[in-house]
Amino acid sequence: MIHWHSFSDFIAMGGYGFYVWGSFGATVLIMAIEPIVVARNRKTTIARLKRQLRAETRNTAE
Amino acid sequence: MKDRFNLYRFASPATFYPFAGALIPYFVAVSILFGLAGLWLGMLVAPTDFQQGEGYRIIFIHVPASWMSMFIYLVMAGWAAIGLAFNTRLSGMMAQALAPTGALMAFLSLLTGALWGKPMWGAWWVWDARLTSELILLFLYIGYMALTAAIDDARRADKAGGLLLLVGVVNIPIIYFSVKWWNTLHQGSSVNLAKSSMATTMLWGMLLMAMCFWMYSIAIALMRVRTIMLERERHTDWVKAELLGKAGDEK
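Protein sequence lines correspond, in order, to chains A and B. Residues are numbered in our numbering as their position in the first sequence, beginning at 1, plus a constant of 966. Residues are numbered in our numbering as their position in the second sequence, beginning at 1, plus a constant of 40.
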């Protein structure tokens, strides 16, 4: 069922290793980095909005 | 009276926000499952291509990324049309949440295409109709993001960006049919409703990977739209409650 005879066969990709793994590597990298960037952006946005909200409520209370 | 399911309820950010948050983990899980199944079929089980050897395996990300780059643009243009016609708040936020992911998919499509073109055609890049129109799609995404970022007022940014999206939608059929309309170096489509030129395991590997990319895009867009909602609706009571209460515990 498995197409490959050995692990080194799998890595070599019939001589196309650089192109195939380069494509998959770039995709994995982007799909790993994008959620991290989005999550970090969410964290900083929430922190900033909370700061602004606290400043606003303090001003109206005075 | 019986409480009917009302689609319009979800058009309100206050109801959509928690709904989107609850959906994200499911889309992530399903995306991972589709991805593992697709990689297993595509990378381990699918046979060698008789013309392109093992190099053809780039198809398992190249085609899903290309499909998503076009599909995300169509969804954004759809949101833009709804936003311009009905002046709904949610549509602009959705379009903005999708744009960076669409741009990344277009970029991945071009990059994996270059990595495929080099060994098969002997060139990283050619000014072929398919490649050029996909490059224009990437520029449209970047243009949309730059334009909306340059306009301070969010509603005006949505309108200007929406117009750009609607004008640019003409590019999508050009990309899609380019291999038919012009004599291109790019190969024709491998998937055909009547008869596919691919082995069954190849085809299923590719479809599973496409589902993985699809679910990934939905998950990441929902993540992004939630932050945009908080930002844009910061003066409303529900965001204030969210910021003072639940959002405090959230990571």
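Don't be surprised by glycine CBs; every beta carbon is placed ideally from N, CA and C.
Cross-strand partners of residue i (DSSP beta bridge)
| i | result |
| --- | --- |
| B:D89 | B:G93 |
Where residue i falls: helix, strand or coil (DSSP)
| i | result |
| --- | --- |
| B:Q227 | coil |
| B:A239 | coil |
| A:I968 | coil |
| B:W164 | coil |
| B:W221 | helix |
| B:S52 | coil |
| A:T1010 | helix |
| B:I215 | helix |
| B:D193 | coil |
| B:E273 | coil |
| A:N1025 | helix |
| B:M41 | Note that B:M41 scores a pLDDT of 43, beneath 50, so its modelled location is shaky and nothing firm can be said. |
| B:T128 | coil |
| B:V209 | coil |
| B:G245 | helix |
| B:G153 | helix |
| B:Y66 | helix |
| A:Y982 | coil |
| A:K1016 | helix |
| B:G285 | coil |
Supposed contact pair residue j and residue i - C-beta distance, whole angstroms, cut 8 Å
| i | j | result |
| --- | --- | --- |
| B:S149 | B:S218 | Between B:S218 and B:S149 the Cβ distance is about 13 Å, and since that is not below 8 Å, they are no contact. |
| B:S131 | B:G123 | 3 Å |
| B:G82 | B:M246 | 7 Å |
| B:L262 | B:A60 | 4 Å |
| B:L178 | B:F147 | 6 Å |
| B:I101 | A:T993 | 5 Å |
| A:R1008 | B:T267 | 4 Å |
| B:A121 | B:T152 | Not really, about 31 Å apart at Cβ, beyond 8 Å. |
| B:G95 | A:Y985 | 6 Å |
| B:Y181 | B:M110 | That pair is no contact at about 11 Å. |
Any chain C beta carbon closer than 8 Å to residue i
| i | result |
| --- | --- |
| B:G228 | Looking for chain C here will not work: the only protein chains present are A and B. |
Three or more C-beta pairs under 8 Å: does that hold for the region 242 to 255 of chain B against the region 1005 to 1020 of chain A? With fewer than three CB-CB distances shorter than 8 Å, the region 242 to 255 of chain B does not count as touching the region 1005 to 1020 of chain A.
Sufficient close CB pairs (3 or more, under 8 Å) joining the region 63 to 74 of chain B to the region 252 to 261 of chain B: yes
Taking beta-carbon pairs under 8 Å, can you tell me which members of the region 991 to 1012 of chain A lie near chain B? A992, T993, I996, M997, E1000, P1001, V1004, A1005, N1007, R1008, K1009, T1011 and I1012
Any residues in the region 976 to 989 of chain A with a beta carbon nearer than 9 Å to a beta carbon of chain B? Which ones, in chain order? F976, A978, M979, G980, G981, Y982, G983, F984, Y985, V986, G988 and S989
Any 3 or more C-beta pairs closer than 8 Å across the region 186 to 206 of chain B and the region 152 to 160 of chain B: With the cut-off at 8 Å, the region 186 to 206 of chain B and the region 152 to 160 of chain B do not touch.
Interfacial residues, the region 201 to 223 of chain B to chain A, with Cβ spacing under 9 Å: none
Between the region 73 to 86 of chain B and chain A, which residues of the former have CB atoms less than 7 Å from a CB of the latter, in chain order? L84, V85 and A86
Could you run through the region 262 to 282 of chain B and flag, in chain order, every residue whose CB is less than 8 Å away from some CB of chain A? M263, R264, R266, T267, L270, E271, R274, V279 and K280
Can you pull out the residues from the region 240 to 260 of chain B whose beta carbon lies closer than 7 Å to at least one beta carbon of chain A? Y256 and I260
Contact residues within the region 101 to 120 of chain B, judged by C-beta distance below 8 Å to chain A: I101, H102 and A105
Name, going along the chain, the residues of the region 151 to 167 of chain B whose beta-carbon falls closer than 8 Å to a beta-carbon of chain A. L151, T152, L155, W156, K158 and P159
What residues in the region 173 to 188 of chain B bring their beta carbon closer than 7 Å to a beta carbon of chain A? Correct list: empty, as no residue qualifies.
Residues of the region 90 to 101 of chain B with Cβ closer than 9 Å to any Cβ of chain A, in chain order: Correct list: Q92, G93, E94, G95, Y96, R97, I98, F100 and I101.
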